[in-house]
Structure formats: C-alpha cells, structure tokens
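Engineer:
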Amino acid sequence: MYPPWSTTFDAHVHPGRIMHVMVKDRTAELKSEATVALDSLATRCKKENGKLEIWLEMKPQGRLLMEAKYYLEKSGERCKRNSDRGRDGLFTLHQRRGAIKQAKVHVVKRHEFSATFFPQPTFCSVCKEFVWGLNKQGYQCRQCNAAIHKKCIDKVIAKCTGSAINSKETMIHKERFKIDMPHRFRVYNYKSPTFCQHCGTLLWGLARQGLKCDECSMNVHHKCQKKVANLCGVNQKLMAEALAVIEKVSRSTPEQASEEPLYAVPKKDHQPKFTIEDFTLHKMLGKGSFGKVFLAELKRSGQFFAVKALKKDVVLMDDDVECTMVERRVLSLAWENPFLTHLYCTFQTKENLFFVMEYLNGGDLMFHIQNCHKFDLHRATFYAAEIICGLQYLHSKGIIYRDLKLDNVLLDSDGHIKIADFGMCKENMQDESRTSTFCGTPDYIAPEILLGQKYNSSVDWWSFGVLLYEMLTGQSPFHGCDEEELFQSIRTDNPVYPSWLTKAAKDILVKLFVREPEERLGVKGNIRHHGFFSSVDWKAVEQRQVAPPFKPTLTSPSDCSNFDKEFINEKPRLSSADRTLINSVDQTMFRNFSFVNPGMTLPEKVT
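Rendered as structure tokens:
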C-alpha cells in the first residue's frame, strides 16, 4: 500500500490534497509520521525552479529528508530544464523566495503541544470528546503523545510524564494539589470498538487490546501506560474550570496597577465598522498559500487600498493565529513611522481575515531589481538608509522583524520605501531577551538561527547585509542547489565581492556578515556612522526630505503596472472554502481581530 523506503512516486496535485508520510519498523509498527499539503509543496517547488529538498518534521520525533519535483503534465521537459539550470548554479534574482517557519510548539505543564493531523478518529484526553475537523484538527504532545482539542490546551493540569517527571517543581505541584493518584491498570479484552483515553486513537486487535483502570475505568494502549499522568478519578476539564474560577476571584481583589505595556492597539467606541461589501476588488496583486492581496477601492470615498485576505482554515491549520495577531499589532504600531506600511483597519468574515492597508503602487524592490539587474550606488545607499530607519524603529519597540528581503520592501508613489509583511515578527525582545524559533526566508537566514542558537535583533542585521549585497551586485551572496547546501554555505562560506565595489561598500558587507552575533555591525557600533553612509543626512532621511533617486512611473492612484503580471491578469475574487471545513473552525480564536485605526479619516457611511 505504501511506497518502500528510498523510492520515488508520482502524485497529482489537487486543491486540499494531503500526503501522509509514515515511517514503520520491520514489524510494521508506526514510529513517526508527518503530513504535507501537496498544493503548498508544489508552490514551493515552483519558486525553486521545479525542484525542492526539504526536511519534514516527523511526529513524535525525527526528521525525514524528502526531494520533490514539480512537473506540468503538458510541459514536463521545460520543468526538467529549469531544474537542471538551478542545479548547475545559475543563481540570479529571478525567483521570489517564500519564507519558512518551524512548527509552533506550545509548552504547557512541560507538554510540547504542536498542531497535528490525525489520520484516524481521535478523542481528546482532557474533555473525552471527539476531535472534529479537517487538516490539523488538534494538538499532540511530542513527548507523551497526549491528544487534545486546541480549545482544551488551557485545561491541561497534569505535567507531561515524558519530561522531568521527578523534578522538584513537579513534586511541589503534586504536593500542592494532591493529585498524585496512580492508576491501577490491568490487561483487558474489549468486545466493542474502544479508544485510548490518552492518545485518543483506537485500541487495535481482537484480544488483550489494551489496559483498563480498575478504579476509574480509563482505557489506554499498552504503549501509552507509562505516559499516563497520575490523575486516577480526576476530571481534568472540571478541575481546570474550578481553578480558573479561583484565579478569577483572586484577581478581582484590589491590587497595585500593573505596568503599562510598551504599546497598545488604540480602542475607540465610535469608530466606523467595515466589511468586504464596502470595497470593490479591482486587481489581484499577489497570491500564496496564506491567501491573496487585492487592489481594492472603498466605495464611499473612492480611496484605493491594498486588502490582504487570509484564509481562516489555513491560519488554523498552520497554527498561525498568534502570528496573525502579532502582525495586526505591529501594523497598528507602524502608523507612527513613515518607513513602515500603515494599517487602516481589520475585519473578518466566517471564512477570511482582512487587513486593509495603504496601497503602495510603486511595487517592491524585487520587481525593480529584476528590471535593472542591480541598483547603482546612490540608489542602493538611499534605500539602505531608509530601511535602517524603519528597522531601528521596530528594534526600539522590542520587535524583531525576521523576514527582511527585497520582496518585503515596497515603494510609494514618490519613491520612498516602506517595509511590509510583519507576519514573522517577534515581540517583547527588549534588553537581554532571546528567542529560538527557526524562521525566515532561506537566503536571508542568519547562521545563529541555522545553528539552533537563541538570538535577538542581530538576525535582522544579517538579513540587511544580504539585502544590501543583492542591491549592489544583483545576485545572492550565498548559494546552494537545495536548502541544505544553501544553509551550509551560509554557515561556512565567505561571499565573493566584485572588484568594482567601493572600499566602503565591501567593508560594510564584511562587517554585516560577521558570524558572531555580538560582533556584527548594527549590534556592535552604530551602523549610521559607517563610511558607507558618509554622504547621508540622517535627520533629513528620517523626515523624508531627501529626494528619492528613482520615482516609479504611474498614470493614476490605481496604477498596478509595477506588480507581477501573472497575478494582475487573474480575476480578483476570494477563494471559496469547503463548507464542512469552515463549520469546524473555532471562531472564538479570532474574537479580538477586528480593529479600526483612529488615524483613518473617512467620510461618514451613507445609510
């Protein structure tokens, strides 16, 4: 039924089709598994000239290297030629490169929960109810395999038995709540289909299929016995709800006012409300697995905006709800800085999340560098200076950007830059704070991320170095025919610096490509004082008083000639979603999403 190890097979790509990869031992016992959305895999292949090598994160453990090739049925030879060209090392800036992010892990009571696709019917180990939905329906612990609903993650009260079971903290926890109640399991013959109440899956076999507790009648697999917490007779859901009530009462007592957050999304009671019906969609500006970006006109004012529509099912499947909320918060903050894309409002429907942003009709730097191969020194210096202003503003607010690249730097109608797409941002990174999430666009990822080290804003200065190198030379500083070779190049290789680069340009690149984060320019020393920017009046740059060296050619406020034609020619319409899938979406996950920026001044809505 399954292809044997280290072989190839073909699969047709259809919307929503998912490939389930399983690794079994010689006795056919399942050891690890993973799921891959074929349409997402095909999209990534097309960005890599038809060929892609990726590491699949297996559950509950391990990684699997998979090579994928994408062929059009009517033009397979052309895809093969493109793949061969990429393998031969002709690396130019002709392809847009998508960002990647490690699967998000939720650490709760030492459990390491991650979004999981359950290939068979599964029950929640907390509320004992069926885990409904498609794609990644719930969470599963990487250590003990406990399966739960996403909504039940706050009701987990038992520490993970697969991690530090005898730690001092765990012993104190047990003593405090008196819930160290071991089960009394005994082998049992089940006469009807029965599900394990730990991992949630079916107990297979004809006889002696599992174990039943003599006291609380809990049913588990033989393999799950040692992973079950000592909660005999305890209803986790009811206890968690009781503890929540106690905590709520304790918080209601007068306490000293908490410290104000560094920034907050402004709230107004009398702000106008918007829906997608208030806009006319004219063109599609971009598309990806996340959703689409449209050129839209607000009907009652005639103003043009860029409307980004995210599919809720994809956001939930990729466990990106928090990333979406982070993007909204950072965008609302961006109103304070002229070099960040401004957000006007957000709203939602049952199927989609919408960001209404200013329309930057000058296109992105990737589009322009494809037309002229590289930028001259004056133009590259101007863009670099304005990018630094936007980047340093984010850092001053404790935000790491983590996805700086040509694709995410846009031009307005005057030729000034704006940084866009804040979905990879990390908040609360002040002082000595560090994070360790593996994310970013492969060509721009800093070596400390690849080495699994904790990092701070140093990764943005490495990405800035890659972007500056590309603007000056028209090619990437690090190369590889697949991700593994590219990452090896980033970790060990030194870029080639063309002889025509100025001494100051080479020096700033060398200092940005220092592999010790604390010694990298931007972290150590003030990058504004480097000789590369000797001709820059920083005060004038910050106030946008420096005339841009290039002004996009535009015929109207709705001009979209600076965007890729492959998207512009498509019909601007929202993607339809499967009704069953949408009905399974937990809408409460997005209850705080809708927002209107107080700076959005529009005429009153006509009723």
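Residue 1 is where the sequence shown starts when you use full-length UniProt numbering, and the numbers rise one by one after that. No residue lacks a Cβ here, since even glycine has one placed at the ideal position from N, Cα and C.
Should residue 278 and residue 312 be called a contact, given that it needs their Cβ atoms to be closer than 8 angstroms?
Structural biologist: As a working note, residue 278 is residue 278 in the sequence shown. As a working note, residue 312 is residue 312 in the sequence shown. No, the pair does not count as a contact, with Cβ atoms beyond the cut-off.
Engineer: Going by CA-CA distance only, name the one from 335, 227, 292 and 444 that's closest to residue 575.
Structural biologist: Within the sequence shown, numbered from 1, the residue matching residue 575 stands at position 575. It is 292.
Engineer: Is the segment 464 to 481 close to the segment 391 to 409, with three or more CB pairs under 8 angstroms?
Structural biologist: Counting Cβ pairs under 8 angstroms, three or more are found: they touch.
Engineer: Using the three-state DSSP reduction, which class does residue 347 fall into: helix, strand or coil?
Structural biologist: Residue numbering aside, residue 347 sits at position 347 when the sequence shown is read from its first letter. The answer is strand: DSSP assigns residue 347 an E or B state.
Engineer: Grouping DSSP H, G and I as helix and E and B as strand, with all else coil, what is residue 560?
Structural biologist: By one-based count along the sequence shown, residue 560 stands at place 560. Residue 560: coil per DSSP, three-state reduction.
Engineer: Could you tell me how far apart the beta carbons of residue 486 and residue 443 are, in whole angstroms, since I believe they sit closer than 8 angstroms?
Structural biologist: Stepping through the sequence shown from its first residue, residue 486 is reached at position 486. Stepping through the sequence shown from its first residue, residue 443 is reached at position 443. Confirmed, about 7 angstroms.
Engineer: Rounded to whole angstroms, what is the Cα-Cα separation between residue 419 and residue 60?
Structural biologist: For the purposes of this step, residue 419 is taken as the residue at position 419 of the sequence shown. For the purposes of this step, residue 60 is taken as the residue at position 60 of the sequence shown. Computed Cα separation, rounded: 38 angstroms.
Engineer: To the nearest whole angstrom, what separates the beta carbons of residue 364 and residue 406, a pair I think is in contact under 8 angstroms?
Structural biologist: To locate residue 364, count along the sequence shown from 1; it is residue 364. To locate residue 406, count along the sequence shown from 1; it is residue 406. 7 angstroms between Cβ atoms; contact.
Engineer: Using C-beta distances below 8 angstroms, list every residue in its chain close to residue 618, excluding the 5 sequence neighbours before and after it, in chain order.
Structural biologist: With the chain represented from 1 up to 607, any question about residue 618 goes unanswered, as that position is not in the structure.
Engineer: Thinking C-beta only, is residue 234 closer than 8 angstroms to residue 185?
Structural biologist: On the sequence shown, position 185 is the one that residue 185 refers to. On the sequence shown, position 234 is the one that residue 234 refers to. Not in contact: residue 185 and residue 234 (Cβ atoms no closer than 8 angstroms).
Engineer: Quick check on the DSSP output: what are the complete beta strand (DSSP E) runs of length 3 or more inside the UniProt domain "Phorbol-ester/DAG-type" (182 to 232), in order along the chain?
Structural biologist: For secondary structure counted as the beta strand (DSSP E) over 3 or more consecutive residues, the UniProt domain "Phorbol-ester/DAG-type" (182 to 232) holds these complete runs in sequence order: 185 to 188 and 210 to 213.
Engineer: Taking only three categories from DSSP, how would you classify residue 320?
Structural biologist: Translated into positions along the sequence shown, residue 320 becomes position 320. Of the three classes helix, strand and coil, the one that applies to residue 320 here is coil, per DSSP.
Engineer: Just to confirm, is the Cβ distance from residue 232 to residue 213 under 8 angstroms?
Structural biologist: On the sequence shown, residue 232 is found 232 positions in, with the first residue counted as 1. On the sequence shown, residue 213 is found 213 positions in, with the first residue counted as 1. Cβ distance < 8 angstroms, so residue 232 and residue 213 count as in contact.
Engineer: According to DSSP, what are the bridge partners of residue 611?
Structural biologist: Examination of residue 611 is not possible in this model, given that the chain is present from 1 through 607 alone.
Engineer: Could you check what DSSP says for residue 20 in three-state terms: helix, strand or coil?
Structural biologist: For the purposes of this step, residue 20 is identified with residue 20 of the sequence shown, where counting begins at 1. Residue 20: strand per DSSP, three-state reduction.
Engineer: Is residue 124 buried or exposed, if buried means 16 or more other CB atoms sit within 10 Å of its CB?
Structural biologist: Locating residue 124 in the sequence shown gives position 124, counting from the first residue. Result: buried.
Engineer: Going by C-alpha distance, which of 142, 129 and 426 is nearest residue 111?
Structural biologist: In the sequence shown, counting from the first residue as 1, residue 111 sits at position 111. Across the set 142, 129 and 426, the C-alpha of 142 shows the shortest separation from the C-alpha of residue 111.
Engineer: Throw me the rounded Cβ distance for the residue 339 and residue 314 pair, which I believe falls under 8 angstroms.
Structural biologist: Numbered from its first residue, the sequence shown carries residue 339 at position 339. Numbered from its first residue, the sequence shown carries residue 314 at position 314. Actually they are not in contact, since the Cβ atoms of residue 339 and residue 314 sit about 29 angstroms apart, beyond 8 angstroms.
Engineer: Please classify residue 427: does DSSP put it in a helix, a strand, or coil?
Structural biologist: As a position in the sequence shown, residue 427 is number 427, starting the count at 1. Annotated three-state conformation of residue 427 is coil, per DSSP.
Engineer: Could you check whether the segment 333 to 353 touches the segment 508 to 525, counting it as contact only if at least three pairs of C-beta atoms, one from each stretch, sit closer than 8 angstroms?
Structural biologist: no
Engineer: Quick check on this structure: which residue in 386, 446 and 375 has the alpha carbon closest to the alpha carbon of residue 402?
Structural biologist: The residue labelled residue 402 in the question sits at position 402 within the sequence shown. Nearest neighbour of residue 402 by Cα position, chosen from 386, 446 and 375, turns out to be 446.
Engineer: Have a look at residue 430 and residue 458 and give me their C-alpha separation to the nearest angstrom.
Structural biologist: Taking the sequence shown and counting its residues from 1, the one referred to as residue 430 is at position 430. Taking the sequence shown and counting its residues from 1, the one referred to as residue 458 is at position 458. Roughly 13 angstroms separates the two Cα atoms.
Engineer: With three or more C-beta pairs closer than 8 angstroms as the rule, is the segment 468 to 487 touching the segment 372 to 381?
Structural biologist: yes
Engineer: Near residue 153, what residues of its chain come up, given a Cβ to Cβ distance below 7 angstroms and the 5 sequence neighbours on each side ignored?
Structural biologist: As a position in the sequence shown, residue 153 is number 153, starting the count at 1. Within the same chain, residue 153 has close Cβ partners 106, 108, 113 and 139.
Engineer: By the three-class DSSP mapping on this structure, what secondary structure does residue 583 have?
Structural biologist: Within the sequence shown, residue 583 is the residue found at index 583, counting from 1. Three-state result, residue 583: helix.
Engineer: In whole angstroms, give me the CA-to-CA distance for residue 283 and residue 303.
Structural biologist: Looking up residue 283 in the sequence shown gives position 283. Looking up residue 303 in the sequence shown gives position 303. Distance between the alpha carbons of residue 283 and residue 303: 14 angstroms.
Engineer: Considering only their Cβ atoms, is the gap separating residue 413 from residue 361 smaller than 8 angstroms?
Structural biologist: Locating residue 361 in the sequence shown gives position 361, where the first residue counts as 1. Locating residue 413 in the sequence shown gives position 413, where the first residue counts as 1. Yes, the Cβ-Cβ distance between residue 361 and residue 413 is below 8 angstroms.
Engineer: Measure the alpha-carbon distance for residue 38 versus residue 16 and round it to whole angstroms.
Structural biologist: For the purposes of this step, residue 38 is taken as residue 38 along the sequence shown, with counting starting at 1. For the purposes of this step, residue 16 is taken as residue 16 along the sequence shown, with counting starting at 1. Each residue's alpha carbon lies about 8 angstroms from the other.
Engineer: How about residue 63: is its Cβ closer than 7 angstroms to a heavy atom in the ligand HEM?
Structural biologist: The model on display carries no ligand, and the ligand HEM is accordingly not part of it.
Engineer: Compare the Cα-Cα distances from residue 43 to each of 13, 378 and 538 and report the closest residue.
Structural biologist: In the sequence shown, counting from the first residue as 1, residue 43 sits at position 43. Residue 43 has its Cα closest to that of 13, out of 13, 378 and 538.
Engineer: Classify residue 371 as helix, strand or coil using the three-state DSSP reduction.
Structural biologist: As a first step, residue 371 is located in the sequence shown; it is residue number 371 there, counting from the start. Residue 371: helix per DSSP, three-state reduction.
Engineer: Tell me, please, which residues DSSP counts as bridged to residue 105.
Structural biologist: To locate residue 105, count along the sequence shown from 1; it is residue 105. Paired residues: none, contrary to the question.
Engineer: My assumption, with CB atoms under 8 angstroms, is that residue 335 sits in contact with residue 597. Please give the rounded CB distance.
Structural biologist: Stepping through the sequence shown from its first residue, residue 335 is reached at position 335. Stepping through the sequence shown from its first residue, residue 597 is reached at position 597. The pair is a contact, with the Cβ atoms about 6 angstroms apart (cut-off 8 angstroms).
Engineer: Relative to the alpha-carbon of residue 556, which residue among 329, 359 and 207 has its alpha-carbon at the smallest distance?
Structural biologist: By one-based count along the sequence shown, residue 556 stands at place 556. If we check each option's Cα against that of residue 556, 359 comes out closest.
Engineer: Helix, strand or coil, according to DSSP, for residue 399 in the structure here?
Structural biologist: By 1-based counting over the sequence shown, the position of residue 399 is 399. If DSSP states are grouped into helix, strand and coil, residue 399 belongs with coil.
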